[in-house]
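Engineer: For the sequence shown, numbering that gives the first Met the number 0 assigns the number 0 to the initial residue and increments by one for each residue that follows. The beta-carbon is built from N, C-alpha and C at its ideal position, and this holds for glycine as well. Structure provided below as structure tokens; questions to follow.
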Amino acid sequence: MALRRFDVTFHDQLRSTFRLGSAILLGSALFAAAVYGANVAGYAALSDVFSIITLIVFGVAFVTLVAGLVGRSAHRWVWFNVISRSKRVIFGRTAAQRLLASPASPVLRFWLHIDRDGQDRDGLV
């Protein structure tokens, strides 16, 4: 079965996140080179500005890579191995039913790559 244009797998999303994080990290390295060049040329104020920009861009790359790869994979593992298997009922609904019925459900479904019923959209789990 051919995939539609926007019908990507969870691993495709992880690959895209890795590429984005790596590109941002490369941008941070370019700013670090600019810090060195400005420092060697004697532009101390410009070097300080580039240092701040380098730190900010590196922080964005770190958050993208850690949250987008490690955190997202761990959250997906917890969803399929803990939350969706739990039969504990609180006020008539399980934790999975509560999360899927919440206003944040579309974000949760995108983040975990699940359908409206909480099942894997790739059909692997």
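With a threshold of 16 other CB atoms inside 10 Å of the CB of Val-77, please say whether the residue is buried or exposed.
Structural biologist: What you label residue 77 is simply residue 78 of the sequence shown in a count that begins at 1. Val-77 should be labelled exposed.
Engineer: Keeping to the same chain, check which residues put their C-beta closer than 6 angstroms to that of Gly-26; ignore five residues upstream and five downstream.
Structural biologist: Counting from one through the sequence shown, the residue named residue 26 turns up at place 27. The residues are Val-56.
Engineer: So what's Asp-47 in DSSP terms, helix, strand or just coil?
Structural biologist: In the sequence shown, the residue the question calls residue 47 occupies position 48. DSSP places Asp-47 in helix when its eight states are reduced to three.
Engineer: So Val-34 packs on Phe-49, CB below 8 angstroms; how close in whole Å?
Structural biologist: Residue mapping note: residue 34 aligns to position 35 of the sequence shown, counting from 1. Residue mapping note: residue 49 aligns to position 50 of the sequence shown, counting from 1. Yes, Val-34 and Phe-49 are in contact; Cβ-Cβ is about 4 angstroms, under 8 angstroms.
Engineer: By a C-beta neighbour count over all protein chains shown, 10 Å radius and 16 as the cutoff for buried, is Ile-113 buried or exposed?
Structural biologist: Your numbering for residue 113 matches position 114 in the sequence shown. Burial call: buried.
Engineer: For Met-101 and Ala-44, what's the separation of their Cα atoms in angstroms?
Structural biologist: Counting from one through the sequence shown, the residue named residue 101 turns up at place 102. Counting from one through the sequence shown, the residue named residue 44 turns up at place 45. Before going further, note that residue 101 is Ser rather than Met in the sequence given. Roughly 49 angstroms between the two C-alpha positions.
Engineer: In whole angstroms, what is the alpha-carbon distance linking Leu-98 and Ala-22?
Structural biologist: The residue given as residue 98 occupies position 99 in the sequence shown. The residue given as residue 22 occupies position 23 in the sequence shown. When rounded, the distance between both Cα atoms is 33 angstroms.
Engineer: Taking 8 angstroms as the cut-off, is the beta-carbon of Phe-30 closer than that to any non-hydrogen atom of the ligand GDP?
Structural biologist: No copy of the ligand GDP appears in this structure; indeed no ligand is present at all.
Engineer: Go through its chain and collect everything with a Cβ distance to Gly-117's Cβ below 7 angstroms, but skip five positions before and after it.
Structural biologist: Residue 117 sits at position 118 when you count from the first residue of the sequence shown. So the list reads Ser-83, Ala-95, Leu-99, once near-sequence residues are dropped.
Engineer: Going by the CB atoms, is the gap between Ser-72 and Leu-123 shorter than 9 angstroms?
Structural biologist: The residue given as residue 123 occupies position 124 in the sequence shown. The residue given as residue 72 occupies position 73 in the sequence shown. Cβ distance not < 9 angstroms, so Leu-123 and Ser-72 don't count as in contact.
Engineer: Check the C-beta distance from Phe-17 over to Asp-121 and give it rounded, since I have them as a contact under 8 angstroms.
Structural biologist: Within the sequence shown, the letter at position 18 stands for residue 17. Within the sequence shown, the letter at position 122 stands for residue 121. That pair is no contact at about 18 angstroms.
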